[in-house]
Amino acid sequence: MSTCDEATIRLLGPVALVQEGEPIPIQGQRQRRFLASLALRAGQVVSKEAIIEDSWDGEPPLTVTGQLQTSAWMVRKALTQAGLARDVLRSHDRGYELRAPEVSVDLFVFRDAVRAARELYQRGRHRDAAERLDAVLALWRGPALADVTSGRLRLKAETLEEERTAAVELRARADLGLGRYTEAINRLSGLVDHDPFREDLYVKLMMAYYAEGRQADAIQVFHQAKKILREQIGINPGVPLTKAMQAVLRQDEHYLRVGCGKA
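Sequential numbering from 1 applies to the sequence shown in UniProt numbering.
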């Protein structure tokens, strides 16, 4: 599997180019936006209109055509410095195309590894899945597209953060499968803090506490969820969360064991 140090184009954190671990400067916000817009769709022709939308949030300057050409020239130069072929950035009548191998973009390395880890987990190979996820989560060096200020690209970055969250959740599920309940509790607690309205995370956290023999803490998680849901969005706990609470109270080992397996 490719590692972070082998990825030439980095989107999982500040937008960056590297060659053998050494950073290659990308001059200017406009160039970082241009590269990010293309790298998110590596291997596809991205229309000039789409790049403009990403770069200027739908309000381009009168000189936008010239600025696109300048950005393309500067980014192509930086890509070459990073060791990629000069024609990796291609110009088309209707737009531009970044023809970089997927293994050179950290986002695609991440996605491929998470898919592989999910398959391992589904086959019951929890240890292998955990090791794969530990390696790939190290690709993240901060929030996705951390130094890009375009509103439209920030929305895309939020979607990437959801992918990261899903990978951490899968890692917690692997912990549960391995009986590493303390580790699962730590990961799930972090996810709950990040997204306090996801009832399924509370269910998994309750099950992890119960599996570790901490019934009182599992009950406390339910009451925490109930308070947050009622006070902040005006709803009561749903059926899965309520059933988890009932199972904890009656010490339904079968329900909680099966629940942990499916967590």
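Think of the CB as a built atom: it goes at the ideal place given N, C-alpha and C, for glycine as much as any other residue.
Taking 8 Å as the cut-off, decide whether the C-beta atoms of residue i and residue j are in contact.
i	j	result
residue 121	residue 129	yes
residue 12	residue 117	no
residue 82	residue 19	yes
residue 15	residue 134	no
residue 136	residue 108	no
residue 126	residue 174	yes
Pick out whichever of the options has its Cα sitting closest to the Cα of residue i.
i	options	result
residue 9	232, 124, 36, 28	36
residue 150	162, 54, 39, 194	54
residue 215	17, 244, 84	244
residue 194	158, 176, 43	158
residue 250	212, 236, 219	219
residue 140	161, 131, 183, 223	161
residue 115	163, 104, 92, 88	163
residue 242	223, 233, 234, 232	223
residue 252	110, 213, 174	213
residue 92	183, 27, 196, 43	43
residue 156	41, 21, 233, 60	41
residue 196	228, 186, 180	228
Who are the Cβ neighbours of residue i in its own chain at under 8 Å, not counting the five residues just before and after it?
i	result
residue 189	205
residue 94	45, 47, 48
residue 64	52, 56
residue 299	Lying before the first or after the last residue shown, residue 299 is absent from the chain, which here runs from 1 to 263.
residue 233	197
residue 178	126, 127, 130
Between which residues of its own chain and residue i is the CB-CB distance below 7 Å, once the five residues before and five after are set aside?
i	result
residue 221	202, 205, 206, 209
residue 24	17, 18, 78, 81, 82
residue 246	none
residue 263	In this prediction, residue 263 has a pLDDT of 40, which is less than 50 and means its spatial position is unreliable; what the coordinates show is noted afterwards. Around residue 263: 173, 176, 204, 207.
residue 27	74
residue 124	none
residue 88	79, 98, 99, 100
Within the same chain, show all residues whose beta-carbon is closer than 6 Å to that of residue i, passing over the 5 residues directly before and after it, in chain order.
i	result
residue 217	209
residue 97	45, 90
On the premise that residue j lies in contact with residue i, defined as a C-beta separation below 8 Å, what is that separation, rounded to the nearest angstrom?
i	j	result
residue 264	residue 17	Nothing about residue 264 can be reported from this structure: the residues present for the chain run from 1 to 263 only.
residue 226	residue 237	5 Å
residue 268	residue 103	Outside the shown range of the chain, which is 1 to 263, sits residue 268, and nothing can be said about it.
residue 211	residue 181	5 Å
Report yes if the C-beta of residue i is less than 7 Å from at least one heavy atom of the ligand NAP; otherwise report no.
i	result
residue 138	With respect to the ligand NAP, the structure shown offers nothing to examine, as it has no ligands at all.
Cβ contact check for the stretch 68-80 and the stretch 23-35: 3 or more pairs under 8 Å: yes
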